[in-house]
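Chains as they are written, first to last, in the working numbering: chain U, 1 to 305; chain L, 1 to 326; chain X, 1 to 325. Virtual Cβ for every residue (Gly too), placed ideally from N, Cα, C. Please read all numbers here as calculations on a predicted model, not as lab measurements. Working notes, structure below.
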Amino acid sequence: MIRQFSAFWQSDFGWKFRHSPTAILSALVTLILVGAAIFAPLIAPYNPFDSSSLNLMNGFSAPMAPNAFTGEVFLLGTDDQGRDVFSTILYGMRVSLFVGVLAVLFGLVLGVTLGLIAGYAGGRVDGFIMRVADIQLTFPAILVAMLIFGIAKGIIAPQYRDQMAIWVLIIAIGLSDWVPFARVVRGATMVEKNRDYVQAARLIGRKPVAIMVLHILPNVLNPILVIATISLALAIIAEATLSFLGVGAPPTQPSLGTLIRIGQTFLFSGEWWILLFPAATLLALALAVNSLGDWLRDALNPRLK
Amino acid sequence: MTPPPVLSVRNLVVEIPSRAGISRPVNNISYDIAPGEILGVVGESGAGKSMAGNAIIGLLDRPAHIASGEVWLNGSRIDNLPLEDLRRIRGRQIGMVFQDPLTSLNPLLRIGDQLTETIREHLPVTAAQARERAVAALEEVGIPAAAERLDSYPHEFSGGMRQRVVIALALCAEPSFVIADEPTTALDVSVQAQIIALLRRLCRDRGTAVMLVTHDMGVIAEAADRVAVMYAGRLAELGPVRSVINAPRHPYADGLMGAMPSLSIGQRRLRQIPGAMPRPSKIPPGCAFHPRCPRAADPCRVDPPPTILDDPQGRAACWFPLEHSA
Amino acid sequence: MTAFVEVSHLGRSFDVSKPWLNRVIERLPRRNLVAVSDVSFQIEEGAVYALVGESGSGKSTIGRMLAGLMTPSAGTVKVAGADLHADPAARKAAGIQMIFQDPYASLNPRWKVRRIICEPVVVAGGATAGLAERLLEQVGLAAEDADKFPHEFSGGQRQRICIARALAANPRFIICDEPTSALDVSVQAQVLNLMSDLRDELGLTYMFISHDLTVVRHMADRIGVLYLGRLMEEAMPEQLFARPRHPYTQMLLAAAPLMEGRTREIDLPKGEVPDPISPPPGCAFHPRCPFAIDLCRKERPELRDVDGVRVACHRAEDIVPASAA
Numbered sequence: 001m002i003r004q005f006s007a008f009w010q011s012d013f014g015w016k017f018r019h020s021p022t023a024i025l026s027a028l029v030t031l032i033l034v035g036a037a038i039f040a041p042l043i044a045p046y047n048p049f050d051s052s053s054l055n056l057m058n059g060f061s062a063p064m065a066p067n068a069f070t071g072e073v074f075l076l077g078t079d080d081q082g083r084d085v086f087s088t089i090l091y092g093m094r095v096s097l098f099v100g101v102l103a104v105l106f107g108l109v110l111g112v113t114l115g116l117i118a119g120y121a122g123g124r125v126d127g128f129i130m131r132v133a134d135i136q137l138t139f140p141a142i143l144v145a146m147l148i149f150g151i152a153k154g155i156i157a158p159q160y161r162d163q164m165a166i167w168v169l170i171i172a173i174g175l176s177d178w179v180p181f182a183r184v185v186r187g188a189t190m191v192e193k194n195r196d197y198v199q200a201a202r203l204i205g206r207k208p209v210a211i212m213v214l215h216i217l218p219n220v221l222n223p224i225l226v227i228a229t230i231s232l233a234l235a236i237i238a239e240a241t242l243s244f245l246g247v248g249a250p251p252t253q254p255s256l257g258t259l260i261r262i263g264q265t266f267l268f269s270g271e272w273w274i275l276l277f278p279a280a281t282l283l284a285l286a287l288a289v290n291s292l293g294d295w296l297r298d299a300l301n302p303r304l305k
Numbered sequence: 001m002t003p004p005p006v007l008s009v010r011n012l013v014v015e016i017p018s019r020a021g022i023s024r025p026v027n028n029i030s031y032d033i034a035p036g037e038i039l040g041v042v043g044e045s046g047a048g049k050s051m052a053g054n055a056i057i058g059l060l061d062r063p064a065h066i067a068s069g070e071v072w073l074n075g076s077r078i079d080n081l082p083l084e085d086l087r088r089i090r091g092r093q094i095g096m097v098f099q100d101p102l103t104s105l106n107p108l109l110r111i112g113d114q115l116t117e118t119i120r121e122h123l124p125v126t127a128a129q130a131r132e133r134a135v136a137a138l139e140e141v142g143i144p145a146a147a148e149r150l151d152s153y154p155h156e157f158s159g160g161m162r163q164r165v166v167i168a169l170a171l172c173a174e175p176s177f178v179i180a181d182e183p184t185t186a187l188d189v190s191v192q193a194q195i196i197a198l199l200r201r202l203c204r205d206r207g208t209a210v211m212l213v214t215h216d217m218g219v220i221a222e223a224a225d226r227v228a229v230m231y232a233g234r235l236a237e238l239g240p241v242r243s244v245i246n247a248p249r250h251p252y253a254d255g256l257m258g259a260m261p262s263l264s265i266g267q268r269r270l271r272q273i274p275g276a277m278p279r280p281s282k283i284p285p286g287c288a289f290h291p292r293c294p295r296a297a298d299p300c301r302v303d304p305p306p307t308i309l310d311d312p313q314g315r316a317a318c319w320f321p322l323e324h325s326a
Numbered sequence: 001m002t003a004f005v006e007v008s009h010l011g012r013s014f015d016v017s018k019p020w021l022n023r024v025i026e027r028l029p030r031r032n033l034v035a036v037s038d039v040s041f042q043i044e045e046g047a048v049y050a051l052v053g054e055s056g057s058g059k060s061t062i063g064r065m066l067a068g069l070m071t072p073s074a075g076t077v078k079v080a081g082a083d084l085h086a087d088p089a090a091r092k093a094a095g096i097q098m099i100f101q102d103p104y105a106s107l108n109p110r111w112k113v114r115r116i117i118c119e120p121v122v123v124a125g126g127a128t129a130g131l132a133e134r135l136l137e138q139v140g141l142a143a144e145d146a147d148k149f150p151h152e153f154s155g156g157q158r159q160r161i162c163i164a165r166a167l168a169a170n171p172r173f174i175i176c177d178e179p180t181s182a183l184d185v186s187v188q189a190q191v192l193n194l195m196s197d198l199r200d201e202l203g204l205t206y207m208f209i210s211h212d213l214t215v216v217r218h219m220a221d222r223i224g225v226l227y228l229g230r231l232m233e234e235a236m237p238e239q240l241f242a243r244p245r246h247p248y249t250q251m252l253l254a255a256a257p258l259m260e261g262r263t264r265e266i267d268l269p270k271g272e273v274p275d276p277i278s279p280p281p282g283c284a285f286h287p288r289c290p291f292a293i294d295l296c297r298k299e300r301p302e303l304r305d306v307d308g309v310r311v312a313c314h315r316a317e318d319i320v321p322a323s324a325a
């Protein structure tokens, strides 16, 4: 592990990384935020979802100021129900990242599979898949996600809705997200399939699926990593948007978007911290992941040196 | 009495610094090219032949740079000029022909505009005169109905015709030196013969000095007056083309000639040189060729070979050059 | 005795029409590129058959059809008596392998050499212990090379790895599509020598595709000259080089660079290869042919026997090669 890391550090890629302040900063911020989300139960001073530990008297505490009734001090203040904002942000980020990562994975698997098939098969199959992609692109991603959300709401019985909400969210965002993967993989596949090593594999008697998975897939992975990183930032924002609109994560499992929705109702009554801190966290997270993706794209692009 | 050379390269060294250390893709090469002469620079991939050409005309990409040595064009030194002056000289005195004609032509401009623009930039002529010159230039390189074709775009020409346009473009400012880097490699054999004949004729008629860079010994044999054989960034042998082909002194040049399949004699087995050209970062000490050389002995492994001078312009860098009777 | 490989009336065309919508709107007709048309030849077992031609001659298309990588639009390919494209089992039984032009594209860059070389055997379900090492040594590389990746090798070494992979399939017939045109001269000699040696050792049959007459002259037992998808002339190398019958062959020979240098100021070839989408009527070569007569512009000459040479020219009997000396 250490040897692998030092090999990475010494490689050209590592060299580019060490010489890019943007890359270091965005990687660092991403790492801290993701780490904080993963270890939220250990870091968070309170469990905001344990209703027995909540004290309504603590409600509306300002950041770093003792509460008027209980005298307790909260780092980032509390919301209307006395939940520690810092803790809710950590737990909210967990939900946001969970949804984002799984949604991107879902979109990635779907998009890569369809892109490989379209690029390798060509002809009518390719035409059909890419027309579907074109049609999907003409709808805003949020609209697609809301549509899927609406359908799911109709299918799933009310008592399961809260439970299933997260999964519906993942599928909704993932489904609106596969097109860039499919396009890039299709293009790369069309280049790779005419390369002689693929012809050689055909000659040996490999079946098309084996050629796609064993030969072509490993050679089209580089751009996928870049798209996945940038999609992650977009997926996190999409999730926040959906949750903000009230069609995303349920109040029992609030994500950053849910927190912002709750917070904005208090903005004009003076409790600014309930909105500001979750919003700032979302911004930092999306920005860091996005700039990491941007940098990856440049660093992995052989034409830009 | 020989005329003074158009181009003169003295002890040229190109270095590329990298994290792994400094590599020298061009190491201490010297040659002259006289007016009307075609010098063929031949070498296999990695020999540094294109890098040497780019260094001479000041087109090295960073971080490659000229570390030492001199380049003289028509009696003035050009390797240490500021970028702006060099660019002016490049347009006026140096013509360039590259392997892929499409990289030398702007796909969005009619070729007539490209020609007249180049002519007017370098010669004090009116637009009408420039157009006349452009037609003449196209006629000279053998493009039929030249006046009508001025309004065509590059993609409307076939591969061979496009390379002719590039040659017309390279020659329209009447440069004294032309560098042609693999000018026929992308072309069919029949077209290649036409382009070689064209280059030869233009060079003879105008007294232009040409540096013809190629990997193809056949092209050199047909086109060049003298040939410089490069190996691992160094000049292995330099001499009149017939004597290098028929009586090479350097074992690498000899191996290269033996490895060529011949049209006239059907031999059963080709002579082969074992191994492959070293990478510029891993050039062996002493003579760079010694690990592949059948004549290698102790001095070859330690010290760089001496340059032996032959009559009248030939030379080879070897400890144990081949001897040829007569 | 029948030949090992029998190609009869092979043809292949490609649809190069604009997309459907453009055709409807711009009222364009469908356009067909005839890459190969009515090509017939035979290859004896253990022989080297060479196809030469310039760009657009269809030589690579023929190679791919013989390998079974592409289905012909017309004609048949029989290898060892079985029709390659009618009978799916025939391809496997015939043991056809191919060596490609670009050694940088013909090896999967993410695979180690061992896995690349063993792939044919793995697919066939055989045992691979020690196979890669044995084959690497057979093609002149070291056994330790099995654990390296393709990018650690030079062009010539990669081509050796390609040969090793082809050999792993126990082939009887290898199609070599410009195997050395991406290589340097000194390395080309190594690879050509290796291919000759392997043929002697293993009794292989080669089809050799090249644009380089010198290489073809060196390797081939029989040579077919292609122009715009048609066979123009077919002969033994001695016959072809001593007395080319077809004007196109004569032009190719005259244009090939000679190490002896251009002491002759011969007639330069006229023009270039025309657009294969709309080839000239009659004999495809007539616009560039110095001997063309009216008949050549109207009627396409069939391939016929003239003094033991197959040639497709109306005037094969009356024209004398320009460079008899």
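Euclidean distance between Cα positions of residue i and residue j
i, j, result
"U:I204", "U:D294", "40 Å"
"U:I211", "X:S154", "25 Å"
"U:I24", "U:L282", "19 Å"
"U:I260", "U:A103", "21 Å"
"U:P66", "U:L56", "15 Å"
"L:V135", "L:E174", "14 Å"
"L:P4", "X:E317", "55 Å"
"U:G187", "U:G119", "7 Å"
"X:P19", "L:L150", "32 Å"
"U:I224", "U:G115", "11 Å"
"U:L234", "U:A228", "10 Å"
"L:S18", "L:A221", "37 Å"
"U:I319", "U:T88", "Within the shown structure, residues of chain U are numbered from 1 to 305, placing residue 319 of chain U beyond reach of any answer."
"U:V73", "U:M64", "6 Å"
"U:I230", "U:Q253", "25 Å"
"L:R328", "L:G207", "Given that chain L is displayed from residue 1 to residue 326, the structure contains no residue 328 of chain L and the question cannot be resolved."
C-beta contact flag for residue i and residue j at 7 Å
i, j, result
"U:R195", "X:A105", "yes"
"X:R222", "X:Y49", "yes"
"L:R271", "L:G258", "yes"
"X:I62", "X:F4", "no"
"U:G100", "U:L232", "yes"
"L:A64", "L:V13", "no"
"L:G53", "L:D181", "yes"
Assigned exposure category for residue i - 16 Cβ within 10 Å defines buried
i, result
"U:F277", "buried"
"U:F5", "exposed"
"L:A316", "buried"
"L:I16", "buried"
"U:H19", "exposed"
"U:S243", "buried"
"U:D12", "exposed"
"X:G81", "exposed"
"U:I32", "exposed"
"L:H215", "buried"
is_contact[residue i, chain A] using C-beta, thresh 7 Å
i, result
"X:E201", "The structure shown contains no chain A; its protein chains are U, L and X."
* Check distances from the C-beta atoms of the stretch 131-164 of chain X to those of chain L and list, in chain order, the residues that come in under 8 Å. => Hits within the stretch, in order: S154, G155, G156, Q157.
* Mind the definition here: the stretch 300-314 of chain X touches the stretch 229-243 of chain X only if three or more C-beta pairs lie below 8 Å; say whether that holds. => At 8 Å Cβ cutoff, the stretches touch.
* Counting pairs of Cβ atoms below 8 Å between the stretch 56-69 of chain L and the stretch 234-241 of chain L, do you hit three or more? -> The way I'd put it, the stretch 56-69 of chain L doesn't touch the stretch 234-241 of chain L; fewer than three beta-carbon pairs between them come closer than 8 Å.
* the stretch 271-282 of chain L / the stretch 298-310 of chain L touching (three or more Cβ pairs under 8 Å) -> Contact fails: fewer than three Cβ-Cβ distances are below 8 Å.
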